[in-house]
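The working numbering numbers the first residue of the sequence shown as 4 and each following residue consecutively. All C-beta atoms in this analysis are idealised placements derived from N, C-alpha and C, irrespective of residue type, glycine included. All of these numbers come straight from a predicted model, not from anything done at the bench.
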Amino acid sequence: MTFDSCLKTFNKNQLEHSLTVNELKEAFFSLKLNKSPGYDEISFNVIKKCFGSLHKPLLHIFDQSLRNGIFPDELKIAKVTPLFKKGIDSDLGNYRPISVLPCFSKVLEKIMYNRLYNHLNENNILYNKQFGFQKKHSTEHAILQLVDQVNNSFEKNQFTLGVFIDLSKAFDTVDHKTLISKLRNYGIRGHNLQWFESYLNNRKQFITYNNNNTSFKEITCGVPQGSILGPLLFLIYVNDLSQASQILDPIMFADDTNLFYSHSEIKTLFETVNCELENINQWFKANKLSLNIDKTNYTLFHKNSIKDKIPLKMPTLKIGSKIIKKTSFIKFLGVMLDENISWKNHIKTVENKLAKNIGLLYRAKQFLDEKSLKTIYFSYIHSFLNYANIAWASTHFTKLKTINYKQKQAVRIVFDEDRLCHSRPLLKNLNALNVYQINLFQQLNLMHKFSNGNLPKIFNNTFKKPDHKYPTKFSISNYSLKKHYLKSSEFSISYRGPKLWNEILSDKEKKIESQILFQKRIKLKLLDMDNELSYF
């Protein structure tokens, strides 16, 4: 297999046009303020204040750069600061390199980023289950996609084999020639392609530590760290991985690559996946990406009623000549998935984190005021309740009782109340939802995004309106409920989301277009709700 074996060719090139003042302003003011300047010591804050005087020369320079296919060498120099993580400070592996580029580089990159992303989006080039580094995409969407996919296999009495692949320093090993060839295949030609060649070539970096700087070193591979374009270029680089197998179903988040296949027979399942993994391995080799086999695992997802079909001695799963280890649960984008998607491992993990941080909150109470305690609550308690709650908290309410109790305990500490004090008024005072309300809020928010076209396209067929010959009030405001046989499927997003939308919201609330206004309205409604447990 060669690197271009799985590529599809697109002939349209939509990046050719002159740079306008509005395009420059849009790129400039969409960037976040960065207090750390690049090697030129020019702060973005300063440039922003002087933009009125600088926009004309910047417009001319950037337009010439795009027209002539040249990215200025002075904007390719990265200042790298090693940030200590943990462990022994003399071990270089315990430092994370933080790369900072000149702020003018980021403005020019943002202009090209907007053009390139629009081209990819308008031509549906990016793989539809790639959830990393894109507008309207998130880790939670990837988690929901996986869980819904596995639940569908449970409905069919099937096993799902999930292979969770770890790549070694994937961003740093991108081959520039291969990347340029892929850009050409996706319709980037002429001066635009020359611009990307210039952007990638002759890049340099130096390390600064304790006010000491090293000499410049050339960067010969990898996408530029700390850049605007780097993440998008990486998505393009790995985009055709989805074409390496016509059977396996990848769910990706940037370099986080996970492969899935479902079947009712264990033997057929393993034979098929082993065969297809050889194609995946050949793709890795052709694209010069290295597999970290020590961190690559597989999990066999199944419902409890068919576990007796699992042989005592499991078949071997290999990629290349290396055996992939089996695990009964896996950490996927920050959540713990077990073989039955019961969420018991993740819920236990959240419980342990809450217990630890409640101790921190309690000890801090004697030194800090109420405002500071609130900050600690949202940072060290609420954040764990909130992340991916839409997935792991969509379960029987009894499984969340311990988490709910610990949340109440934390809120009482914030307001210095005893354990008999009713927690609902305290949460309302804090403007915080409890663990059950967070789930309802996130479900409804997802349905609102879907109704307004703000979800990834892969969700287009997840929810459906009733099929009526003539429009009715019901058909306009409500969604159909997906047919299912298993009780556990009632917690899947494809069933639970429409059900809550239909039952909780009024027609007026369903018609709110503004996401911010909708969130405010629904949060107030949930805070006033007497019994959210009726929806679990």
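When the beta-carbon positions are compared, Leu294 and Ile322 come within less than 8 Å of each other. Asp252 is the residue among Asp252, Leu104, Ile379, Pro85 whose C-alpha sits nearest the C-alpha of Val166. The alpha-carbon separation between Pro75 and Leu303 amounts to approximately 51 Å.
By the CB criterion at 8 Å, Asn126 and Gly190 fall inside the cutoff.
Here Thr181 is not near Phe13, since their CB atoms are 8 Å or more apart.
Given a length threshold of 4 residues, each whole run of the alpha helix (DSSP H) inside the stretch 247-307 is given here in chain order: 269-289.
DSSP places Met339 within a strand segment (E or B) once states are collapsed to three. Distance from Pro105 to Leu78 at the Cβ level is roughly 5 Å; contact confirmed, criterion being Cβ atoms closer than 8 Å.
Residue environment: Lys374 is assigned as exposed (fewer than 16 neighbouring CB atoms within 10 Å of its CB, all protein chains considered). Between Gln249 and Cys9, the CB-CB gap reaches or exceeds 8 Å. C-alpha of Thr163 to C-alpha of Asn155: approximately 10 Å in a straight line.
Secondary structure at Arg427: helix, using DSSP grouped into helix, strand and coil.
For the set Ala358, Leu236, Leu170, the Cα lying nearest the Cα of Tyr408 is the one of Ala358. Bridge partners of Val103 according to DSSP: Lys82. Distance from the Cα of Asn261 is smallest, within the candidate group Pro318, Ile222, Lys207, Lys334, for Lys334. Put simply, the backbone Cα of His487 is about 9 Å away from that of Tyr498. Residues Thr299, Tyr301, Leu320 of the same chain have their beta carbon placed closer than 6 Å to that of Ile327, with the five preceding and five following residues left out of the count.
Within the model, the alpha-carbon separation for Tyr538 versus Gly41 is close to 52 Å. In the structure shown, Asn355 adopts helical secondary structure according to DSSP, grouped into three states.
For Leu164, the enclosing beta strand (DSSP E) starts and ends at 162-168. Within the stretch 193-218, the complete beta strand (DSSP E) segments of 3 residues or longer fall at 206-212, listed in chain order.
Setting aside the 5 residues that flank it on each side, Pro318 is surrounded in the same chain by Phe273, each with a C-beta closer than 6 Å to its C-beta; the list follows chain order.
Distance from Gln410 to Asn448 at the Cβ level is roughly 20 Å; contact not present, criterion being Cβ atoms closer than 8 Å. Collapsing the DSSP output to three states places Gln228 in coil. Under the criterion of beta carbons closer than 8 Å, Lys220 and Gln228 do not qualify as touching, at roughly 13 Å. Distances from the CA of Thr401 to each of Asn117, Val83, Trp346, Asn48 were compared; the closest alpha carbon is that of Trp346. In this chain, the beta strand (DSSP E) harbouring Lys220 covers 220-222.
Ranking His194, Val110, Ile519 by CA distance to the CA of Glu29 puts Val110 first.
With fewer than 16 other Cβ atoms from the protein chains shown falling within 10 Å of its own Cβ, Ser218 counts as exposed. Beta-bridge analysis with DSSP links Tyr98 to Phe87. Remark: C-beta atoms of Glu420 and Leu430 do not approach each other more closely than 8 Å.
Thr330 has its alpha-carbon roughly 42 Å from the corresponding atom of Arg206.
Shortest Cα-Cα distance from Ala413 to any of Trp395, Thr275, Thr378 involves Thr378.
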